[in-house]
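K.L.:
First the structure, then my questions, so here it is.
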Amino acid sequence: MNKLSGKVAVVTGAARGIGRAVARAFALEGAMVYGADREVSELEFEMNALRESGWTAQAVALDLLKPDSVAALAKTVLEQQGRIDILANVAGVIIEKHLVDTTLEEWDTILNINLRGVFLMCKAFAPSMKHAESGSIMNVSSRAGVMGFANEIAYCASKFGLEGLSRAIAKDLEVYGIAVNTITPGVPTQTSMSMQTYSEETKKIWKDPILITPAFVELALQSSSGIHDQYVNAWQRSEELRAAGWAT
Ligand SMILES: NC(=O)c1ccc[n+]([C@@H]2O[C@H](COP(=O)([O-])OP(=O)(O)OC[C@H]3O[C@@H](n4cnc5c(N)ncnc54)[C@H](O)[C@@H]3O)[C@@H](O)[C@H]2O)c1
Numbered sequence: 000m001n002k003l004s005g006k007v008a009v010v011t012g013a014a015r016g017i018g019r020a021v022a023r024a025f026a027l028e029g030a031m032v033y034g035a036d037r038e039v040s041e042l043e044f045e046m047n048a049l050r051e052s053g054w055t056a057q058a059v060a061l062d063l064l065k066p067d068s069v070a071a072l073a074k075t076v077l078e079q080q081g082r083i084d085i086l087a088n089v090a091g092v093i094i095e096k097h098l099v100d101t102t103l104e105e106w107d108t109i110l111n112i113n114l115r116g117v118f119l120m121c122k123a124f125a126p127s128m129k130h131a132e133s134g135s136i137m138n139v140s141s142r143a144g145v146m147g148f149a150n151e152i153a154y155c156a157s158k159f160g161l162e163g164l165s166r167a168i169a170k171d172l173e174v175y176g177i178a179v180n181t182i183t184p185g186v187p188t189q190t191s192m193s194m195q196t197y198s199e200e201t202k203k204i205w206k207d208p209i210l211i212t213p214a215f216v217e218l219a220l221q222s223s224s225g226i227h228d229q230y231v232n233a234w235q236r237s238e239e240l241r242a243a244g245w246a247t
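By numbering that gives the first Met the number 0, the letter at position 40 of the sequence shown is numbered 39, and the numbering carries on one by one without gaps.
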């Protein structure tokens, strides 16, 4: 359980769902985890629980809608640790609406959290990774990043944008040895987002998000000469890693 020992990780969306599971998995593998989220009391509860179990984790309030909040997070992490090894951009939001019902405000909110927020996070932490000539960035995408879904106008646009952003960042950062990938859950997971979006049928088969975290741990260990510039299916890869005995 020490695959990430000595590494510094930042996980957005760490108060709930997939981000909470990823923060937990990174901490259990020995990383110093900075969990960041706008739901501060839930986030602190989660990070305290990790610390009480003997792991290293710290809560930092973050609102991805506010560039100053992203800058403050980067300042905190880089002043305290002097570096970052792993950046997991997991936070995201969805509003399910038809094209004609989607308001400009809803469009802006979703694009600003899911896409501009990731741009700001990568921009804030890339200089430190470039300086170290190492690091791994993973941006949580979706099937909605590669195919269209009805009533997911702004969400699909944000995730397709995230795919493009990530492919371009991968090219900018690969000469510095930094791995940049997108990762999609690959299976229905039980989270507060899917509570709203999944049908009752799908809820019968959803899985605990902790089951997709081995793929995130594997990505955290990559450089640009390893798994890089890929769209990773977290469930499929985690199953492969379990079958190979690399993860439980
Ligand atoms: N749940 C699914 O089935 C599913 C499927 C495909 C992709 N995803 C993606 O996985 C990621 C995590 O989703 P989830 O299902 O765990 O959702 P969730 O709603 O359970 O968790 C999302 C987290 O992001 C945080 N967040 C939202 N807006 C924020 C902001 N402005 N600043 C800081 N934090 C903010 C929330 O507080 C929450 O803790 C998202 O990017 C989502 O698009 C989820």
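Idealized CB from N, CA, C, for every residue including glycine.
For ligand 1, is there any heavy atom lying closer than 6 Å to the beta carbon of R37?
P.N.:
Answer for R37: yes, Cβ within range of ligand 1.
K.L.:
Which term fits R241, buried or exposed, when burial requires 16 or more other beta carbons within 10 angstroms of its beta carbon?
P.N.:
Looking at its Cβ environment, which holds fewer than 16 other Cβ atoms inside 10 Å, R241 is exposed.
K.L.:
What does S135 pair with, by DSSP beta-bridge criteria?
P.N.:
Looking at the DSSP assignment, S135 forms a beta bridge with I85, A178.
K.L.:
What did DSSP end up calling G232 once you bin it into helix, strand or coil?
P.N.:
In the sequence as presented, Gly is not what sits at residue 232; that position holds Asn. Note: N232 maps to strand in three-state DSSP.
K.L.:
Taking just the CA atoms, how far does L49 sit from L251?
P.N.:
Since the first and last residues shown for the chain are 0 and 247, residue 251 lies out of range.
K.L.:
Examine the Cβ distances between the segment 158-175 and the segment 98-106 and report whether three or more of them are shorter than 8 Å.
P.N.:
Result no; under three Cβ-Cβ pairs closer than 8 Å.
K.L.:
At which residue ranges does the segment 186-244 contain complete beta strand (DSSP E) runs of 3 or more residues, listed in the order of the chain?
P.N.:
Runs of the beta strand (DSSP E) inside the segment 186-244: 230-232.
K.L.:
Using 7 Å as the threshold, is the C-beta distance between A24 and L42 below it?
P.N.:
No.
K.L.:
So A60 is in the beta strand (DSSP E); what residue range does that whole segment cover?
P.N.:
56-60 is the span of the beta strand (DSSP E), which, as asked, contains A60.
K.L.:
Could you check what DSSP says for A14 in three-state terms: helix, strand or coil?
P.N.:
Reduced to three states, the DSSP call for A14 is coil.
K.L.:
Pull up the distance between the alpha-carbon of V216 and that of I83, whole angstroms please.
P.N.:
If I take the Cα positions, the gap works out to 15 Å.
K.L.:
Under 8 Å by Cβ, that's how I've got I136 and L86 pegged, so tell me the actual separation to the nearest angstrom.
P.N.:
Going by Cβ atoms, the distance from I136 to L86 rounds to 5 Å, so yes, they are a contact pair.
K.L.:
What residue range is occupied by the uninterrupted alpha helix (DSSP H) comprising M146?
P.N.:
It is not in any alpha helix (DSSP H) - M146 carries neither H nor E in the DSSP assignment.
K.L.:
Say the cut is 6 Å; is the CB of T190 nearer than that to a heavy atom of ligand 1?
P.N.:
Yes, the Cβ of T190 comes within 6 Å of a heavy atom of ligand 1.
K.L.:
What are the boundary residues of the beta strand (DSSP E) that D36 is part of?
P.N.:
Where D36 is concerned, the enclosing beta strand (DSSP E) stretches over 31-36.
K.L.:
With A131 and D228 assumed to form a contact (beta carbons below 8 Å), what rounded beta-carbon distance in angstroms separates them?
P.N.:
With 8 Å as the limit, A131 and D228 do not qualify as a contact, their Cβ atoms being about 20 Å apart.
K.L.:
If you follow the alpha helix (DSSP H) that N47 is in, where does it begin and where does it stop?
P.N.:
39-51 is the extent of the alpha helix (DSSP H) around N47.
K.L.:
If you draw a straight line from the C-alpha of K206 to the C-alpha of T188, how long is it?
P.N.:
Approximately 5 Å, taken between the alpha carbons.
K.L.:
Fully enclosed by the segment 87-117, which alpha helix (DSSP H) runs are 4 residues long or longer?
P.N.:
Entirely contained in the segment 87-117, the alpha helix (DSSP H) runs reaching 4 residues are, in chain order, 103-110.
K.L.:
Report the three-state DSSP secondary structure of E28 (helix, strand or coil).
P.N.:
E28 falls in the coil class under three-state DSSP.
K.L.:
For the alpha helix (DSSP H) holding A167, just list the boundary residues, first then last.
P.N.:
152-172 is the span of the alpha helix (DSSP H), which, as asked, contains A167.
K.L.:
Within 10 Å of its beta-carbon, does D67 have 16 or more other beta-carbons around it, so buried, or fewer, so exposed?
P.N.:
Per the 10 Å Cβ criterion, exposed.
K.L.:
When you measure from the CB of G34 to every non-hydrogen atom of ligand 1, does any distance come out below 6 Å?
P.N.:
No.
K.L.:
Inspect the beta-carbon positions of S253 and G53 and report whether they are closer than 7 Å.
P.N.:
Residue 253 cannot be examined here, being either before or after the span of the chain that is shown, 0 to 247.
K.L.:
Indicate, with yes or no, if ligand 1 has a heavy atom lying under 6 Å from the CB of P66.
P.N.:
No, the Cβ of P66 stays beyond 6 Å of every heavy atom of ligand 1.
K.L.:
Pairs of beta-carbons, one from the segment 143-154 and one from the segment 166-180, closer than 8 Å: are there three or more?
P.N.:
No: the two stretches stay apart, fewer than three of their Cβ pairs being nearer than 8 Å.
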